[in-house]
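Q: Just so you know, the protein sequences line up as chains A and B, in that order. Here the first sequence is numbered in our numbering, starting from -12 and rising by one per residue. Here the second sequence is numbered in our numbering, starting from 65 and rising by one per residue.
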Amino acid sequence: QSALTQPRSVSGSPGQSVTISCTGTISDVGAYNYLSWYQQHPGKAPKVIIYDVSQRPSGVPDRFSGSKSGNTASLTISGLQAEDEADYYCCSYAGSYTFVFGTGTMVTV
Amino acid sequence: QVQLVQSGAEVKKPGASVKVSCKASGDAFTSNYMYWVRQAPGQGLEWMGRLNPSSGDANYAQKFQGRVTMTRDTSISTAYMELTRLRSDDTAVYYCAKGRSSGWCDYWGQGTLVTVSS
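1) Check for me: the beta strand (DSSP E) holding residue 123(B) runs from which residue to which?
2) Does DSSP put residue 140(B) in a helix, in a strand, or in coil?
3) The stretch 140 to 164 of chain B: which residues have C-beta closer than 7 Å to a C-beta of chain A, in chain order?
4) Per DSSP, which residues does residue 70(A) bridge with? Please list them.
5) Starting from residue 178(B) and walking both ways along the beta strand (DSSP E), at which residues does that stretch end?
6) Round the Cβ separation of residue 165(B) and residue 99(B) to the nearest angstrom and send it over; I've been treating them as touching at under 8 Å.
7) According to DSSP, is residue 152(B) helix, strand or coil?
8) Could you confirm whether any beta carbon from chain A is found closer than 7 Å to the beta carbon of residue 125(B)?
9) Residue 153(B): buried (16+ other C-beta within 10 angstroms of its C-beta) or exposed?
10) Kindly say whether residue 32(A), judged by its beta-carbon, lies nearer than 7 Å to any beta-carbon of chain B.
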């Protein structure tokens, strides 16, 4: 199972919006809506910010939104803030009770 | 509040095995799944597998099939991940995480650094 493809890095100014893509195949991203996104600050454990493509867990700001089209999922961060500077990973169900992470994207504010 | 506390850092020689523990508190241990994810230094997250604490059934990423075993002891609310035939590229921080059947994990352990070096 190959890692899902994400851009290595994206950047934006405070207040702007950035979008991170997560490209898989018809066997993972394209086949299921079990797609989550994680934010990871240096030296910390990941934190889930989106699940089931577009759902936000309690406590996650609505600046974070998710969507999917075909084999590509997207995470959009609106109104970028300094604390959003982190690594972001997508994670998709890949069938046979297995999951796969994306390659990760560094967001610079 | 769910808390996952992992065992301490380990240093192992190539070919050896390591067993990392993950003790859960604050929630029913047998609810939801226990996932294991690793992260090599400076690298991304890698999904290793998941354990159903209720049944003891586990599913593993193909890459780790035959080398990894995930188990649990419900009497002490602890999950374990054992990785055998260690190689230098198994050097990583290993995380346990409690999550839903759809794969998303809302509680994470602090991570356990496993260093494989001769």
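The C-beta atom is built at its ideal place from N, Cα and C for all residues, glycine as well.
A: The short version:
1) 122 to 124
2) helix
3) 159
4) Its beta-bridge partners do not exist; DSSP assigns none.
5) 176 to 180
6) With a Cβ gap of about 11 Å, residue 165(B) and residue 99(B) do not count as contacting.
7) helix
8) yes
9) exposed
10) yes
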